[in-house]
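Asker:
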Amino acid sequence: MKAVSYRAYGGPEVLEYGELPDPKVGPDSVLVEVRAASVNPVDWKAQAGHLNSLLDVVFPVVPGWDVAGVVVRGGLDTPEFEEGDEVIGYVRKDTLSGGTFAQYVAAPVRTLAHKPASLTFEQAAGLPLAGLTAYQALAKALRVREGETLLVHAASGGVGSLAVQIGRHLGARVIGTASPRNHDFVRSLGGEPVAYGDGLTDRVRGLAPDGVDAAFDLVGGEAVTVSADVVKNPRRIASIVDPAVTPLGGRYLWVRPDATDLAALSAMVDAGGLTVPVAATFPLERTGDAQRLSAEGHVRGKVVVTVS
Numbered sequence: 000m001k002a003v004s005y006r007a008y009g010g011p012e013v014l015e016y017g018e019l020p021d022p023k024v025g026p027d028s029v030l031v032e033v034r035a036a037s038v039n040p041v042d043w044k045a046q047a048g049h050l051n052s053l054l055d056v057v058f059p060v061v062p063g064w065d066v067a068g069v070v071v072r073g074g075l076d077t078p079e080f081e082e083g084d085e086v087i088g089y090v091r092k093d094t095l096s097g098g099t100f101a102q103y104v105a106a107p108v109r110t111l112a113h114k115p116a117s118l119t120f121e122q123a124a125g126l127p128l129a130g131l132t133a134y135q136a137l138a139k140a141l142r143v144r145e146g147e148t149l150l151v152h153a154a155s156g157g158v159g160s161l162a163v164q165i166g167r168h169l170g171a172r173v174i175g176t177a178s179p180r181n182h183d184f185v186r187s188l189g190g191e192p193v194a195y196g197d198g199l200t201d202r203v204r205g206l207a208p209d210g211v212d213a214a215f216d217l218v219g220g221e222a223v224t225v226s227a228d229v230v231k232n233p234r235r236i237a238s239i240v241d242p243a244v245t246p247l248g249g250r251y252l253w254v255r256p257d258a259t260d261l262a263a264l265s266a267m268v269d270a271g272g273l274t275v276p277v278a279a280t281f282p283l284e285r286t287g288d289a290q291r292l293s294a295e296g297h298v299r300g301k302v303v304v305t306v307s
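If you read the sequence shown in numbering that gives the first Met the number 0, its first letter stands for residue 0, the second for the next number, and so on.
1. Would you report the Cα separation of Lys127 and Asn232, rounded to the nearest angstrom?
2. Assuming Arg172 contacts Thr200 under a Cβ cut-off of 8 Å, what Cβ separation, rounded to an integer in Å, is found between them?
3. When the distance is taken between beta carbons, is Gln102 closer than 7 Å to Val268?
4. Among Asp84, Ser28, Phe58 and Val41, which residue has its Cα nearest to the Cα of Pro20?
5. Between Ala35 and the rest of its own chain, which residues show a CB-CB distance below 6 Å, the 5 nearest in sequence each way excluded?
6. What's the gap between the Cα of Tyr195 and the Cα of Arg167?
7. Please work out which residues of its chain come closer than 8 Å, Cβ to Cβ, to Leu95, disregarding the five sequence neighbours upstream and downstream, and give them in chain order.
8. Under three-state DSSP, which class holds Ser226?
9. If we ignore side chains and look at the alpha-carbon of each, how far apart do Val185 and Pro26 end up?
10. Would you kindly report the start and end of the unbroken alpha helix (DSSP H) that includes Ile165?
11. Taking His152 and Val254 to be in contact with their CB atoms under 8 Å, please state how far apart those CB atoms are, rounded to whole angstroms.
12. For the stretch 240 to 260 against the stretch 216 to 230, are there 3 or more C-beta pairs whose distance is under 8 Å?
13. Apart from the five residues just before and just after Leu75, which ones in its own chain have a Cβ nearer than 6 Å to its Cβ?
14. Taking His182 as part of the alpha helix (DSSP H), name the residues at either end of that continuous run.
15. Quickly, what does DSSP pair Gly97 with across the bridge? List them, please.
16. Determine the contact status of Val104 and Val33, defining contact as a CB-CB distance below 7 Å.
17. Among Ser293, Gly146, Leu169 and His113, which one has its Cα closest to the Cα of Gln135?
18. What are the uninterrupted segments assigned as beta strand (DSSP E) that are 3 or more residues long and contained completely in the stretch 86 to 149, given in chain order?
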């Protein structure tokens, strides 16, 4: 199969495009023909070696954890899916090795759900990791409820744009930090934009004089401090980037594959409650360029790699 891989840690320059053996399919996995895979910051951070203390690595590594594609065949015990099923997945495995930037990926069924019918493969590829991150933070960790006010930092990014929509779907009023050029975009998602930077605490207080009920941090640093200043209960702060939230009483989160949660997101999409903004698409052989764009940190929505 054609795939992108790396044989040593590094930046986009270590990526190689070429032929690799087709993946073996375990008893509880299915072989997925990849149509699209989205780039997440964890991809290029893992590629740089930052997860070396957490995951065993088997070189050459095919990067990528997000996928949208079609089931080619199942393993020995995979009644959940049939040949031809369109699926999405957050295909994180116990080792860093066989990822989704390839023509095929062997995906454990615990990582998959049926693809939302209303999304293209490119859009669907941007849903799993970012959507699960937002859903597990808001619905499970923070338990956001109808009538509450939620603060989302970096509301125009891949996770943030989904968090705004999920917060609204849960019935909350959502205030989202973003640069002024992205304020209309945040409004289009149902959020109330506020500019980040000096004076953010006062600007949030201007919108929510009594404080916010929950805060979701995707930035770290000052965003955690501001969250602590404006949230009513510090136990209802969650961050996916800054462990400093823990001493304040909040939670530092790591998203996990969950087929049930992914199916809930898929249903939310098809019910019209969630869209997946795509900032840019690249062909598989230009995965390095896709990583570079993602690393700039200013994209509106998801960066997606397509596989023909």
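Ideal Cβ positions, reconstructed from N, Cα and C, are used throughout, including at glycine.
Answerer: From the atom records:
1. In the sequence on display, residue 127 carries Pro and not Lys. Taking C-alpha positions only, Pro127 is separated from Asn232 by approximately 29 Å.
2. The Cβ separation is near 18 Å, so there is no contact.
3. No, Cβ-Cβ distance for Val268 and Gln102 is not below 7 Å.
4. Phe58
5. Ala67, Phe120, Glu121, Ala124, Val303 and Thr305
6. Separation of Tyr195 and Arg167 (C-alpha to C-alpha, rounded to the nearest whole angstrom) is 21 Å.
7. Ala45, Leu50, Leu54, Asp55, Val56, Val57 and Val60
8. helix
9. 43 Å
10. Gly157 to His168
11. Not quite, the Cβ-Cβ distance comes to about 17 Å (not below 8 Å), so this is no contact.
12. With the cut-off at 8 Å, the stretch 240 to 260 and the stretch 216 to 230 touch.
13. Pro26
14. His182 to Ser187
15. Val61
16. Their beta carbons are under 7 Å apart, which means Val104 touches Val33 by this criterion.
17. Leu169
18. 94 to 97, 103 to 107 and 111 to 113
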